[in-house]
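Numbering (this note's numbering) for the sequence shown: 19 to 182. What follows is a short report on a single structure.
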Amino acid sequence: MAILQVLHFPNIRLRVKATTVNKFDNSVRKIVADMFETMYAAPGIGLAAIQVNIPQQIIVIDVSEKQNQPLCLINPKIIAKEGKQTFEEGCLSVPDVFEEVERAEKITVEALNQKGESFTLSTDGLLAICIQHELDHLIGKLFIDYISSLKRQRIQKKLLKQKR
Ligand code: NI
């Protein structure tokens, strides 16, 4: 396993649309294992493959306190949404920035696991927020796209300054 480098906003590679996974071979299993290692090391509660420069529809999540409930979603689709909730979100690709985002309260998602087996998950709360946040990454969308462009420009300036 290996810790992968996480791309940071405003890297344009974060804006790429991820392609679906069609083959469930060792290379997919290796990507998933490396993504879990990268997410746990950060530490973070979710990571999309696009954030480590792999534009495939692969997401890893663990919102448990002890970080012992790994969840992998491949080619995920939200098939039902209900209600609203607001949460102060962050992202490994936008370090040290936290902004309130409104999401659906309850969701049902259909996905494949790392073996290519399909499953359906209905959930709410933090896990529902996290899944919606990570699914956005698959279409090149970031949580800061929900805030004003003025605020987003300020964040961009701040992050570019930190890089120098
Ligand atoms: Ni993120």
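Note that the Cβ used here is the ideal one computed from N, Cα and C, for glycine as well. Being a predicted model, the structure only gives us computed values, none of them experimental.
Check whether the Cβ of residue i sits closer than 8 Å to any heavy atom of the ligand NI, and report yes or no.
| i | result |
| --- | --- |
| His26 | no |
| Glu152 | yes |
| Val119 | no |
| Cys90 | no |
| Ser136 | no |
| Gln74 | no |
| Gln174 | no |
| Phe42 | no |
| Gly143 | no |
Classify residue i as helix, strand or coil using the three-state DSSP reduction.
| i | result |
| --- | --- |
| Asp114 | strand |
| Phe54 | helix |
| Gly134 | coil |
| Glu152 | helix |
| Lys95 | strand |
| Ser140 | strand |
| Lys84 | coil |
| Gln23 | coil |
| Gln69 | helix |
| Ala36 | coil |
| Ile240 | Residue 240 cannot be examined here, being either before or after the span of the chain that is shown, 19 to 182. |
Could you pull the start and end residues of the alpha helix (DSSP H) that residue i belongs to?
| i | result |
| --- | --- |
| Gly158 | It is not in any alpha helix (DSSP H) - Gly158 carries neither H nor E in the DSSP assignment. |
Give the straight-line distance between the Cα atoms of residue i and residue j, rounded to the nearest whole angstrom.
| i | j | result |
| --- | --- | --- |
| Glu83 | Pro61 | 12 Å |
| Ile96 | Ser136 | 13 Å |
| Ile79 | Arg182 | 31 Å |
| Arg31 | Asn93 | 19 Å |
| Tyr58 | Arg170 | 27 Å |
| Gln87 | Val81 | 7 Å |
| Gln69 | Gln150 | 15 Å |
| Asp3 | Glu120 | Absent from the structure is residue 3, since the part of the chain shown begins at 19 and ends at 182. |
| Gly143 | His155 | 19 Å |
| Ser167 | Leu91 | 30 Å |
Which residue comes first and which comes last in the beta strand (DSSP E) that contains residue i?
| i | result |
| --- | --- |
| Leu168 | Looking at the DSSP string, Leu168 is not in any beta strand (DSSP E); the run it does join, the alpha helix (DSSP H), is Ser167 to Lys181. |
| Gln103 | Gln103 to Cys109 |
| Ile77 | Ile76 to Ile79 |
How about residue i: is its C-beta nearer than 9 Å to some C-beta of chain D?
| i | result |
| --- | --- |
| His26 | Looking for chain D here will not work: only one protein chain is present. |
Give the C-beta separation of residue i and residue j to the nearest angstrom, bearing in mind that I take them to be a contact with Cβ-Cβ under 8 Å.
| i | j | result |
| --- | --- | --- |
| Val50 | Ile76 | 6 Å |
| Gln132 | Arg47 | 6 Å |
| Leu65 | Leu139 | Wrong, their Cβ atoms sit about 18 Å apart, outside the cutoff. |
| Glu117 | Ile162 | 6 Å |
| Gln74 | Val112 | At roughly 21 Å, the Cβ-Cβ gap does not stay under 8 Å, so Gln74 and Val112 are not in contact. |
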